[in-house]
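Below: one structure, written as structure tokens.
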Amino acid sequence: MTTLQSMQGIFKANFDLAPEVLQRDAALEDLEIDSLSMIEVLFAVEDEFKIVVPHEPAAWRGETRTFGDLVDYVDKLIAAQHPAMAGGEVPA
Amino acid sequence: MRRVAVTGIGVISPLGNDPDTFFNELTRGRSGIVGLPAPANAPAGRPTVELPRNHIGGAAAFDGARYFPAPKLRMLDRVSQFALVAAAQAIRDSDLVFDHLGRQRAGVFVGTGMGGAQTIDDGYFTLYAEGSDRVKPYSVLMAMTNAAASWIGIEYGLLGPNLTYSTACSSSAVAIGEAARRIATGDVDVMIAGGSEAPLNYGTLAAWDALKTLAAPDPDDPGASCRPFAKDRTGLVLGEGAAMVVLEDWEHAQARGARVHAELIGYGLCTDATHITRPSVAGQAAAMRRALDAAAIQPDEIGYINAHGTATLANDAVETAAIKDVFGPHAFRVPVSSTKSMHGHLLGAAGALEFVTTVLALERQIIPPTINLHAPDPECDLDYVASGARSGVKLAAVMSNSFAFGGTNAVLICRQG
């Protein structure tokens, strides 16, 4: 499963958003995903990808205008924290 | 001063989740107090310390998932879920539709003693029991005492005052009384007012247990544990739920042809300023007198008193003495009942639930009983309606008493609308 697919799964489970609307170019604002929502899914994202999201909310929010930006940011964290896994496969 | 109409009622309670069911169960003399097999909503892995007295309560058969989609539900402590559903019932019952101007002149006053107690308990469990720092991100927003009132305001876009009163067991009587004042003075035309409480979690039950004010569970029948005014009473039983009313300027209600359940004519408020828990005859009597003065009626015009009646040793004798002090010879003629015998003590929601009880009693001309009162306390010698609900009465005005730890006494009086 790709990072995108896994993220779609997390957002479906937490916010009942269908994968069809969770496309790379979808603006988070249009999906009504705000800073509070991002904090709410933080633990789920950390668990799913076995990563630690840095403890600055700005980093979690600032670079993320679209769902694709968010997926890229998670990929960046995976690459930094699990070098062997870089490329999008979720660590087991 | 403007007159205040009660035009909508909503109830979530241990005796049912709408006003009709609630009042019918009260008049049947049914108890909603049950054994709690495990603390309500306990997450898996909850420590299994046995507390001696905490395993009964007035539990509401309420599943938030029936009312809220998952993303919203996760932001709502049980106390806010109760409040939102009860408010929705009350607004539906009132037939009110808030237009732009109406939203500017409408507000929300809610009473709660403990706010999002379940969320706080869950947070401590995560932190101390699980040794994890993953406290739920929404914890602050769910636990804050004003969450319930805020969510109601957001739901209906009400732009007037939004306040939360926390005066322990009189919280929601205060919220209703203060809301009525805002309407009476002309600040607003419509108020959603009431109370909500969800205290049946492990930590809250343990804290109340430690205070030694909880009733000893009846070994055969949990529903027989709360015995207000009885010689063998042993304490209160905690309950959960919410009651909300729509209060409305009388002319505003008439102009739109609203059905009026009752008119709120008196609100008496005073403070004991003596002891943090011990009730005072003088304080309780003063609150009743102030309510009668505000209503401009005589004591003998009151046809029913819904007592605070907690079934603690201290309260029931003091309240009986206070009623005698205020009502004189009429004290022995006016029916007094404690419906806490059936729904338990809803703390911050108690005043609102019992205010609703008096409104429904007035509307239906039926007085709900005090159950479990088989062995009267010689110090409690009034007519407590112990043998079952009383119909065939002529109620013109009714009183609801709410007293509290901390000493804030609040009394509400209604008459037929």
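So the sequence lines, in the order shown, correspond to chains A and B. Note that this note's numbering has the first sequence beginning at 45, numbered continuously upward. Note that this note's numbering has the second sequence beginning at -16, numbered continuously upward. Glycine included, each C-beta is placed from N, C-alpha and C at the ideal position.
Legend entry - Contact with chain A by residue 117(B), beta-carbon distance below 8 Å: yes
Inset, instruction - Measure the C-alpha to C-alpha separation of residue 64(A) and residue 47(A) and round it to an integer number of angstroms. - result: 15 Å
Inset, instruction - Taking all protein chains shown into account, decide if residue 136(A) is buried (16 or more other Cβ within 10 angstroms of its Cβ) or exposed. - result: Residue confidence for residue 136(A) is low, a pLDDT of 47 falling below 50, so the modelled location carries little weight; the figure read from the coordinates is stated next. So residue 136(A) ends up on the exposed side.
Inset, instruction - Identify, in the order they occur along the chain, each residue of the same chain with its Cβ nearer than 7 Å to the Cβ of residue 420(B), setting aside the five sequence neighbours on each side. - result: Any answer about residue 420(B) is impossible in this case: the structure gives chain B only from -16 up to 400.
Inset, instruction - Please determine, among 392(B), 117(B) and 353(B), the residue with the shortest C-alpha to C-alpha distance to residue 323(B). - result: Closest option to residue 323(B), Cα to Cα, is 353(B).
Inset, instruction - Jot down the residue ranges of each uninterrupted beta strand (DSSP E) in the segment 125 to 197 of chain B, minimum 3 residues, whole runs only, in chain order. - result: As far as the segment 125 to 197 of chain B is concerned, its whole beta strand (DSSP E) runs of at least 3 residues are 145 to 148 and 173 to 180.
Legend entry - Whole-angstrom distance between residue 67(A) and residue 114(A), CA atom to CA atom: 11 Å
Inset, instruction - Measuring only between beta-carbons, confirm whether residue 112(B) sits less than 8 Å from chain A. - result: no
Inset, instruction - Give the range of the alpha helix (DSSP H) segment to which residue 45(A) is assigned. - result: It is not in any alpha helix (DSSP H) - residue 45(A) carries neither H nor E in the DSSP assignment.
Inset, instruction - Take residue 286(B) as the anchor and find which of 378(B), 92(B) and 149(B) has the nearest alpha-carbon. - result: 378(B)
Legend entry - Pairwise C-alpha distance: residue 177(B) and residue 5(B): 16 Å
Inset, instruction - Under 7 Å Cβ to Cβ from residue 261(B), same chain only, skipping five residues before and after it: list those, please. - result: 297
Legend entry - Beta bridge counterpart(s) of residue 391(B) as assigned by DSSP: 254(B)
Inset, instruction - Could you confirm whether any beta carbon from chain A is found closer than 8 Å to the beta carbon of residue 121(B)? - result: yes
Inset, instruction - Scan the segment 43 to 54 of chain B for residues whose Cβ lies nearer than 8 Å to a Cβ of chain A and list them as they occur along the chain. - result: 52, 53 and 54
Inset, instruction - Taking residue 384(B) as the reference, give the member of 159(B), -12(B), 241(B) and 124(B) with the closest Cα. - result: Ranking the options by Cα distance to residue 384(B), first place goes to 159(B).
Inset, instruction - Could you tell me whether any Cβ in chain B is nearer than 8 Å to the Cβ of residue 83(A)? - result: Cβ-Cβ to chain B under 8 Å: yes for residue 83(A).
Inset, instruction - With DSSP collapsed to three states, give me the class of residue 327(B). - result: coil
Legend entry - For residue 354(B), the three-state DSSP class (helix, strand or coil): coil
Legend entry - Member of 162(B), 346(B), 326(B) and 38(B) whose CA lies at the smallest distance from the CA of residue 355(B): 326(B)
Inset, instruction - Return the CA-CA distance between residue 90(A) and residue 46(B), expressed in angstroms with no decimal places. - result: Those two C-alpha atoms are separated by around 29 Å.
Inset, instruction - Using the Cα positions of residue 24(B) and residue 154(B), report the straight-line distance between them to the nearest angstrom. - result: Note that residue 24(B) scores 46 on pLDDT, short of 50, meaning its location in the model is unreliable and no value can be drawn from it.
Legend entry - Nearest candidate by alpha-carbon position, reference residue 87(A), set 93(B), 70(B) and 118(B): Cα-wise, what sits closest to residue 87(A) is 118(B).
Legend entry - From 124(A), 78(A) and 72(A), residue whose alpha carbon lies closest to that of residue 95(A): 124(A)
Inset, instruction - Evaluate the contact criterion for the segment 162 to 181 of chain B versus the segment 48 to 63 of chain B: three or more CB pairs, one atom per stretch, below 8 Å. - result: Cβ pair count under 8 Å is three or more, so yes.
Inset, instruction - Please report the residue range of the alpha helix (DSSP H) in which residue 298(B) lies. - result: 296 to 310
Inset, instruction - Flag residue 74(A) as yes if its beta-carbon sits less than 8 Å from any beta-carbon of chain B, otherwise no. - result: no
Legend entry - Alpha-carbon to alpha-carbon, residue 370(B) and residue 151(B): Straight through space, the alpha carbons of residue 370(B) and residue 151(B) are spaced by roughly 31 Å.
Inset, instruction - Can you give me the Cβ contacts of residue 342(B) inside the same chain, cut-off strictly under 6 Å, excluding the 5 residues immediately before and after it? - result: -11, 244, 245 and 397
Legend entry - Reference residue 222(B), options 209(B), 231(B), 214(B) and 138(B), closest by Cα: It is 209(B) whose Cα lies nearest to the Cα of residue 222(B).
Legend entry - Closer than 8 Å to chain B by CB, residue 59(A): Yes, residue 59(A) lies at the interface with chain B (some Cβ there is under 8 Å from its Cβ).
Legend entry - Buried versus exposed, by CB contacts within 10 Å (16 or more), residue 85(B): buried
Legend entry - residue 100(B) versus 344(B), 42(B) and 126(B), residue with shortest Cα-Cα distance: 126(B)
Legend entry - Amino acids of chain B, ordered along the chain, whose beta-carbon sits closer than 7 Å to that of residue 87(A): 117
Legend entry - Reference residue 186(B), options 289(B), 92(B), 104(B) and 306(B), closest by Cα: 104(B)
Inset, instruction - Please confirm if residue 24(B) has its CB atom under 8 Å from at least one CB of chain A. - result: In this prediction, residue 24(B) scores a pLDDT of 46, lower than 50, which makes its location untrustworthy; the coordinate-derived value is nonetheless stated afterwards. It does not: the Cβ of residue 24(B) has no partner Cβ on chain A nearer than 8 Å.
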